[in-house]
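**Q**
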Amino acid sequence: MPGRSRRRKGLQRHPKVLRAVYGDRLRFLWQLVLELLGRGRDGAGMLFQEGDSADYKELLYDSYAVLSESAPSLNTAAFSLDQRWSQQEVVHRVIELQFRKSERPSHVLCFGYQQVSCRSTTVDAVTSTAWCFSFILAGDLLMLHLLSHAAVFASLPNCCYMQVSGTPITLLASASQRRISQEFLSFISSRSHEKSYTLEGVINENSPQSISQIEPQGAAFKKRRRPFSWQRRKKQKVVERLESVPAACHRQIDRAQMFYSTCFNRKGGLPKTHILFTSAASKDGGAAWLFESIFGSKTTEKSYPPSILRLLKRLICRAKKFQCGHLLKRHCPVPILPRKEIDGNLYFKDMFLNDGYVTQEESRGDSSCSCKSVPDPRKGSTKPKNERPLSELLAMTSTNHQVVAFLWAASRRLIPQEMLGSPKNWRALRKQYARFVGLRRYEAFSSVQLLQKLKVSDFTFLSKRDTIKELEGVGYFRSQMVEDWLYWIFTNVLVPLIRVHFYVTESENQRQNVVFYRKPIWSQIQSAAVRDLSKTVYKRVDADKALRNRALGFSKVRLLPKKTSVRPIANLGSASIYVVKRKDSTFPKSRKGKRVVHVSHRRRSSDLSSGSRGDGKIQTVYSFKSVNSALGDAHQCLKLEQESHQGDLGASVFGYNDIYLKLLPFIRRFRQREPTKIFLAVCDVANAFDTIDQERLYSIVDKFLHEEKYVVLRFTSVRSRLASVRVLHEKACATAGSDGRAYHSNVSRVQLLRVLKEHIKSNILHLGHNFFQQFTGIPQGSVLSSFLCALYYGYLDLRHILPALQGKPQDGLVKEETTDEALLMRLVDDSLFISTSEAKATLFLNVMHRDLEQFGCCVNEDKTSTSFDTDISGKNVKSMYSTEDGACFMRWSGLLINCHTLEIQADYTRYCGEHIRSSLTVMRCHKQGLNLVVKMFHFMRPKCHPVFYDSEINSASTISLNAYQAFLLCAMKFHAYLKCLRPFNVNNPLFLFQAIRRTTRYTFRLIRQRMQAVGSGKVLSRAKEMEWLGWAAFHKVLSKKQSTHKRLLLLIQRELKLDKYKHYRSAPHMLSATDETRSSMFKTIRAVLIKGFEGNDTGGTICYSRTSQLLARQHSRFREAR
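Numbering (the UniProt record's numbering), first residue to last: 1 to 1122.
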């Protein structure tokens, strides 16, 4: 549990995690002991004396204890401090009493207790020397009571705490869900006196209880007035209504069902299992059943308004005749191939008929309406004639505007007019369609958002007086019924229509935005991708043979679109199940029933069950737990070897921490020498994961494992991060040879190699109807993918690349990737070479482009760049990024490296040309003000690494520039985030002002904390410098949106004019940091939404030029639908 107590202004603060879980009941251990003895602080003399050991003092001063609320009272007059038992006997007595109460006690001392050796991790902790000394002073009865009824947390050297007794904190933290810290509610300054700056206007709480807790200033000094009787009756009526209505607030619409669906219904429309089809078989045409499924059942009499039942019957009848092929062709058109090409190829004819591309008359001859996954490779993998290129197919997406138009037309064709409300509501409802379709990948849409700008009274089928009285008589209320009805439309009409007619996925070049492909188009994309992958990476295998006798499961593969190709993404983090069916000629068809034989009788990675069916087929069910969970122990063992043998990984780095630790010593040596020119080269291995030699990688892993036996420990940690308390179940690995470990398992080297061999050489993937085995390369998406790739290319570094650079023979072992004049680093497949010799830099390029071909590796020439002029294969590969001030940089792994000074900046050029909204995930449900502040913290965290703020790497102006540019990007995301929240009126200038201030202070604290962790010096002399840079960056961005942030800009301008920032306004390094020419890449980042409906730009609203034209178009479509 991180968060060890620290002293601040003479006071010791309790850890945030313990305060969040236990509250005011938290005590220091010495305080709880004195309270149990019935003595105050004056009795501390009996616990502390001169000559006490440091471990004993640390135990009492730094440990925390919480007495259980159900603990019996301790009779201090009856017990004594006599010692009849030893500390070990007291601990064993506590464990014995806990096992008498329950067979599986929830007490920390009982976890992992070994009855034979009478040892465990916690038992060893509470029987240490310090605990035994405290036992001498406290006595056995007090120690027995303390260990039985109190949760004790002992401090550890790594600034964490270990629980040694009591009920596990993990149970309490899980039950408390996510506790929101009250510190986040202190944004509003106590100096605020304007009524418009109230907190409830920011947080937008919908519960009356949370709003009533917030009182205006000065309310505490006024006499409390009792409400009038009519006010009390009205309030009581509202409370009774809220209690009678089910809590449907913030119901989330399940968008996950419409993603990655390859189910292809040739006739289109709703699926055959839809509730509108299944309810028709019940009594009364299914209207009563449909009413209950939409609005819920409030009474057992089942007497519902006849007017609503008649509308529901019309809805069911319309569903039987509902066809949307022509609507799809009209609103979501795609290019049609010539008729000759369709007739000449059965593959295209099977896909394009009956899907709106050809006339409905031509498609009536095919009566098949079964859903199948497309494409079907079982029909053959030959390439169709005249097939379009993959890059052209990937561009054939349906825009959000087209999808919304199709959904709106289909809704009006399916749903009766009275149930969609009046024409005044149509525009608002269609905007809700647009917002729903335009959501990004991980954004949510709740039922509360459906009612935005919709009038309940305009839904005529619920507005009649007789209907209202009849509904209220059985417990229904109109507003809740409207919300239920709209929720049903979105979940049972829109989502199925999208799932049946579109393949919905995110795209690699559009970040979090969602793209829509028509199913026939996506079938061609998938067919072309499978055909290409079968030639280079995968081979088709039989499912039954591939899955039998496997320790690891298989992974389902989906294709992620790119600009000109697709990337296969394997899902190795979820459990997998597959059913294999085959004919049984010996099984009599007349026999009925099903016989299932379970082969495995214990829990293992794969469970096999087989049986016979009444139709003469044998069914075999293969079920596996996720591949990543099965590789968990191997992952921990490899991490242990990585920490013990860093030299075996060559030039591999695994993040900014490793880059910082390798780059800092080289820069120190470089700057201590005489000024000289520096040469940089960047290379990227093309298809790094798919070109790895499996046999060579397995032999490298075999040599990398040095121990014969490993011990994998399992433990649970509770962490506090921002406004939540998280419970994490973690693992750690250690070498064999020590006892007393709780929850551990022994793993031998032979077992690890067996699992790793199957993972590397026999990786099975499920794509479409078929199974494939990867015969070259390693799977992407595994917990071991990055490490295995680094280990493989690290072997090439040590055996081939580094010997060649140092003039040594090939296959010689060189374990130093850094010399006085050169540095080589590689992050997965991106290599960076820095040298003071141009000849060595050129030699590095030649080795990477020519010598690595013998190992099956190929360097991507388009991504190769140098800081000097050179030719590779007759091409000039010099490619540097230059800012307007003339500085030249090399781009590598999210960093900009100055080609002359080796100073480090963050690379923001990847945002150039893209809209900043595509990288956001907006939380629109509840506590929007709090979520905004947390998001701003998350925006700044990645750019607070010491590599950007170390004074030994960067100058003072560059350090200030890094902070200024990080705030610029945060300000752009801040503006885009607020624009996405525009329908919810989060526009409190003072709250936003305090949020910016808190973000600047949080950034400074995080940078200082991380710099102290690596032992570096100061970054900025004072926190005011960071605050001034933040105010200047936000003023720079928001000043371009003065109409939106007019009042906020006034507060920022007033802050910048304060005297405490007077020195920074004229400081040279501050003026250099805020120079526009040094941040020229921000001019090409799109932070303003282009007017109209473009891509996934949601707000999600559609811009119409004239309201009258919209209404006329809607009325004309309504007449056509009738």
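Backbone N, C-alpha and C define an ideal beta-carbon position, used for all residues, glycine too. The structure presented is a predicted model; accordingly, all values stated were derived computationally and were not measured.
#1: Hey, how far is the Cα of His1035 from the Cα of Ala71?
#2: Tell me whether Val17 sits in a helix, a strand or coil according to DSSP, three-state version.
#3: Determine the closest residue to Pro1068 out of Thr958, Val495, Cys132, Ser391, with distance taken between C-alpha atoms.
#4: Using 10 angstroms around the beta-carbon of Trp485, count the other beta-carbons present and answer buried if the total reaches 16, otherwise exposed.
#5: So, do the stretch 497 to 509 and the stretch 415 to 432 have three or more beta carbon pairs nearer to each other than 8 Å?
#6: Alpha carbon to alpha carbon, what distance is there between Ala1023 and Glu641?
#7: Helix or strand or just coil, what does DSSP make of Ser155?
#8: Taking the alpha-carbon positions, what's the Val557 to Leu767 distance?
#9: Which of the three DSSP states, helix, strand or coil, is assigned to Asn657?
#10: Quick check for students: name the residue ranges of the beta strand (DSSP E) that lie wholly in the stretch 804 to 892, counting only runs of 3 or more.
#11: How is Pro305 classed by DSSP in three states: helix, strand or coil?
#12: Taking the alpha-carbon positions, what's the residue 1128 to Ser155 distance?
#13: Taking the Cβ atom as the reference point for each residue, do Leu311 and Phe477 lie within a distance shorter than 8 Å?
#14: Buried or exposed: where does Glu577 fall if 16 or more other Cβ atoms within 10 Å of its Cβ makes it buried?
#15: Only counting runs of 3 or more residues, tell me where the beta strand (DSSP E) segments fall wholly within the stretch 666 to 747, in order along the chain.
#16: With a Cβ-Cβ cutoff of 8 Å, do Lys519 and Phe264 count as a contact?
#17: What does a CB cutoff of less than 8 Å around Thr1101 pick up in its chain, not counting 5 residues either side in sequence?
#18: Using the Cα positions of Leu572 and Ala790, report the straight-line distance between them to the nearest angstrom.
#19: Verify whether the separation of the beta carbon atoms of Ile953 and Leu664 is less than 8 Å.
#20: Taking just the CA atoms, how far does Phe715 sit from Leu728?
#21: Do you know offhand how far Asp1075's Cα is from Lys1083's?
#22: Helix, strand or coil for Asn763, going by three-state DSSP, please let me know.
#23: Per the DSSP calculation, Ala651 is bridged to which residue(s)?
#24: For the alpha helix (DSSP H) that contains Lys431, what are its first and last residues?
#25: Just list the residues that DSSP pairs Leu895 with in beta bridges.
#26: Compare the Cα-Cα distances from Met1081 to each of Phe28, Ala405, Ser882 and report the closest residue.
#27: Going by beta carbon distance, what residues of the same chain come within less than 8 Å of Asn1052, once the five residues before and after it are set aside?
#28: Which class does Met162 belong to by DSSP, given the choice of helix, strand or coil?
#29: Closest by CA to Leu1029, which one among Ser1079, Ala963, Thr999?
#30: With DSSP as the reference, identify every bridge partner of Thr505, one or two as the case may be.
#31: Between Ser837 and the rest of its own chain, which residues show a CB-CB distance below 8 Å, the 5 nearest in sequence each way excluded?
#32: Check this for me: beta carbons of residue 1210 and Ala887, under 8 Å apart or not?
#33: If you follow the beta strand (DSSP E) that Tyr476 is part of, which residue opens it and which one closes it?
#34: Which same chain residues, not among the five before or five after residue 1154, have their C-beta less than 6 Å away from its C-beta?
#35: How should Trp426 be labelled, buried or exposed, when 16 other C-beta atoms within 10 angstroms of its C-beta is the threshold for buried?
**A** In this structure, then:
#1: Counting from 1 along the sequence shown, the entry for residue 1035 is found at position 1035. Counting from 1 along the sequence shown, the entry for residue 71 is found at position 71. Straight-line Cα distance between these residues: approximately 57 Å.
#2: Within the sequence shown, numbered from 1, the residue matching residue 17 stands at position 17. Three-state result, Val17: helix.
#3: As a position in the sequence shown, residue 1068 is number 1068, starting the count at 1. Measuring from the Cα of Pro1068, the nearest candidate turns out to be Thr958.
#4: Position 485 of the sequence shown holds residue 485. By the 10 Å Cβ count, Trp485 comes out buried.
#5: no
#6: Residue numbering aside, residue 641 sits at position 641 when the sequence shown is read from its first letter. Residue numbering aside, residue 1023 sits at position 1023 when the sequence shown is read from its first letter. Distance between the alpha carbons of Glu641 and Ala1023 is about 41 Å.
#7: The count along the sequence shown starts at 1 and reaches residue 155 at position 155. In the structure shown, Ser155 sits in a strand (DSSP, three-state: E or B).
#8: To locate residue 557, count along the sequence shown from 1; it is residue 557. To locate residue 767, count along the sequence shown from 1; it is residue 767. Straight across, the Cα-Cα distance linking Val557 with Leu767 is about 6 Å.
#9: Position 657 of the sequence shown, counted from the first residue, corresponds to residue 657. DSSP places Asn657 within a helical segment (H, G or I) once states are collapsed to three.
#10: As far as the stretch 804 to 892 is concerned, its whole beta strand (DSSP E) runs of at least 3 residues are 822 to 827, 830 to 835, 888 to 892.
#11: Counted from its first residue, the sequence shown places residue 305 at position 305. Collapsing the DSSP output to three states places Pro305 in coil.
#12: Past the boundaries of the shown model lies residue 1128; the chain is included only from 1 to 1122, so the question cannot be answered.
#13: Translated into the one-based positions of the sequence shown, residue 311 becomes position 311. Translated into the one-based positions of the sequence shown, residue 477 becomes position 477. The answer is no: Cβ separation not under 8 Å.
#14: Counted from its first residue, the sequence shown places residue 577 at position 577. As written in the sequence, residue 577 is Ile, which differs from the Glu given in the question. With fewer than 16 other Cβ atoms within 10 Å, it is exposed.
#15: 679 to 686, 709 to 721, 724 to 735
#16: Taking the first residue of the sequence shown as position 1, residue 519 is located at position 519. Taking the first residue of the sequence shown as position 1, residue 264 is located at position 264. Yes, Cβ-Cβ distance for Lys519 and Phe264 is below 8 Å.
#17: Locating residue 1101 in the sequence shown gives position 1101, where the first residue counts as 1. With a pLDDT of 31 at Thr1101, under the threshold of 50, the modelled position of that residue is not reliable, and the figure given next carries that caveat. Spatial neighbours of Thr1101 in its own chain (CB-CB distance under 8 Å, excluding positions within 5 residues in sequence) are listed in chain order as Lys431, Ala434, Arg435, Phe1093.
#18: Against the sequence shown, residue 572 aligns to sequence position 572. Against the sequence shown, residue 790 aligns to sequence position 790. Straight-line Cα distance between these residues: approximately 20 Å.
#19: If you number the sequence shown from 1, residue 953 lands on position 953. If you number the sequence shown from 1, residue 664 lands on position 664. Yes.
#20: Within the sequence shown, the letter at position 728 stands for residue 728. Within the sequence shown, the letter at position 715 stands for residue 715. Between Leu728 and Phe715, the C-alpha separation is close to 9 Å.
#21: Numbered from 1 along the sequence shown, position 1075 holds the residue referred to as residue 1075. Numbered from 1 along the sequence shown, position 1083 holds the residue referred to as residue 1083. When rounded, the distance between both Cα atoms is 13 Å.
#22: On the sequence shown, residue 763 is found 763 positions in, with the first residue counted as 1. Note: Asn763 maps to coil in three-state DSSP.
#23: Here residue 651 corresponds to residue number 651 of the sequence shown, with the count starting at 1. According to DSSP, Ala651 bridges with nothing at all.
#24: Here residue 431 is taken as the residue at index 431 of the sequence shown, counted from 1. Where Lys431 is concerned, the enclosing alpha helix (DSSP H) stretches over 423 to 437.
#25: On the sequence shown, residue 895 is found 895 positions in, with the first residue counted as 1. According to DSSP, Leu895 bridges with Trp892, Ala906.
#26: Position 1081 of the sequence shown holds residue 1081. It is Ser882 whose Cα lies nearest to the Cα of Met1081.
#27: The residue given as residue 1052 occupies position 1052 in the sequence shown. It should be pointed out that residue 1052 corresponds to Ile in this sequence rather than to Asn. The answer, listed in chain order, is Phe993, Ile996, Trp1031, Phe1034, His1035, Leu1038.
#28: Here residue 162 refers to the residue found at position 162 of the sequence shown. If DSSP states are grouped into helix, strand and coil, Met162 belongs with the strands.
#29: Within the sequence shown, residue 1029 is the residue found at index 1029, counting from 1. A check of alpha carbon separations from Leu1029 across Ser1079, Ala963, Thr999 identifies Ala963 as the nearest.
#30: To locate residue 505, count along the sequence shown from 1; it is residue 505. In DSSP, Thr505 forms a bridge with Val515.
#31: Position 837 of the sequence shown holds residue 837. Excluding positions up to five away in sequence, the list reads Phe679, Glu821, Ala822.
#32: The chain is shown from 1 up to 1122; residue 1210 falls before or after that span and cannot be answered.
#33: Numbered from its first residue, the sequence shown carries residue 476 at position 476. No beta strand (DSSP E) contains Tyr476, which DSSP labels as neither H nor E.
#34: As shown, the chain starts at 1 and ends at 1122. That puts residue 1154 outside it, with no answer to give.
#35: Taking the first residue of the sequence shown as position 1, residue 426 is located at position 426. That one is buried.
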